[in-house]
Amino acid sequence: MTQAAPAPGGMARPGRREIGERVPGGRRTRPPDVFDARTHRIAHFAVPVVLGLVYGYWVAADARQGGPITGGNLLLGWLSALVFAVVSIALLRLAPRMTRELHALLWSAFVGIAFGFLYIQTPHSIWRAVMMSLLVAGCTFGTFFYRYYTREDAFGHRVR
């Protein structure tokens with residue numbers, strides 16, 4: 078069978094630009110945004126609240142260790158959910174304004190503390206809980222610092 082040879086420039090149609098390609102003014106094109114601004118504002122609060130509820134349930138379930146559900150257990154779960162949601166919303170607001178090192182450090186401290194509090198609800202020793210939370214926080218810091226280092230300049234502006 079005979080097929081046409083590929084044209085230079087690939088399959089792009091004339092006049093179309095690739096995402097991230099520079100336009101004649103020197104700026105880059107933006108990827109299309111699937112959701113509108115209202116949906117992003119709602120998700121900015123709804124996702125941390127839902128994650129907080131899951132975290133609160135998990136803390137309460139670990140704290141009761143298979144025993145009966147008590148009022149104290151419910152209070153612990155609701156307070157844990159509230160603190161988790163409030164701190165994560167605050168971090169979503171404040172952390173992007175920080176430098177990439179401090180940004181990664183804030184998120185890794187949050188993850189390490191949340192994991193440590195969850196882990197201490199189990200019957201393990203305090204020493205093991207501290208070591209595990211430091212390990213989780215260290216891995217989180219490495220991952221987040223790498224992410225921010227490769228996607229931001231020194232002033233916190235996104236490169237891509």
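Each number in the numbering used here comes from the position in the sequence shown (counting from 1) with 77 added on.
Backbone N, C-alpha and C define an ideal beta-carbon position, used for all residues, glycine too.
It should be emphasised that the depicted structure is a prediction, and the values quoted were computed from it without experimental measurement.
- Annotation note: the region 190-215 contains no uninterrupted beta strand (DSSP E) run of length 3 or greater.
- Around A158, the same chain offers G129, L130, Y132 and G133 as residues with beta carbons nearer than 7 Å, after the five sequence neighbours per side are excluded.
- Residue range A114 to R141 is occupied by the alpha helix (DSSP H) that includes F122.
- Per the coordinates, the alpha-carbon of L183 lies some 33 Å from the alpha-carbon of G148.
- When the beta-carbon positions are compared, F218 and R177 stay at least 8 Å from each other.
- The C-beta of G154 has 16 or more other C-beta atoms within 10 Å across all chains shown, which makes the residue buried.
- Just so you know, the alpha carbons of R228 and P145 end up roughly 48 Å apart.
- When the beta-carbon positions are compared, V213 and G189 come within less than 8 Å of each other.
- The C-alpha of W204 lies about 16 Å from the C-alpha of G215.
- Cβ atoms of G193 and A206 come within 8 Å of each other, at about 6 Å.
- Taken through DSSP and simplified to helix, strand or coil, T227 comes out as helix.
- Comparing C-alpha distances from H180 to each of L152, M209, R224 and H201 shows the shortest one belongs to R224.
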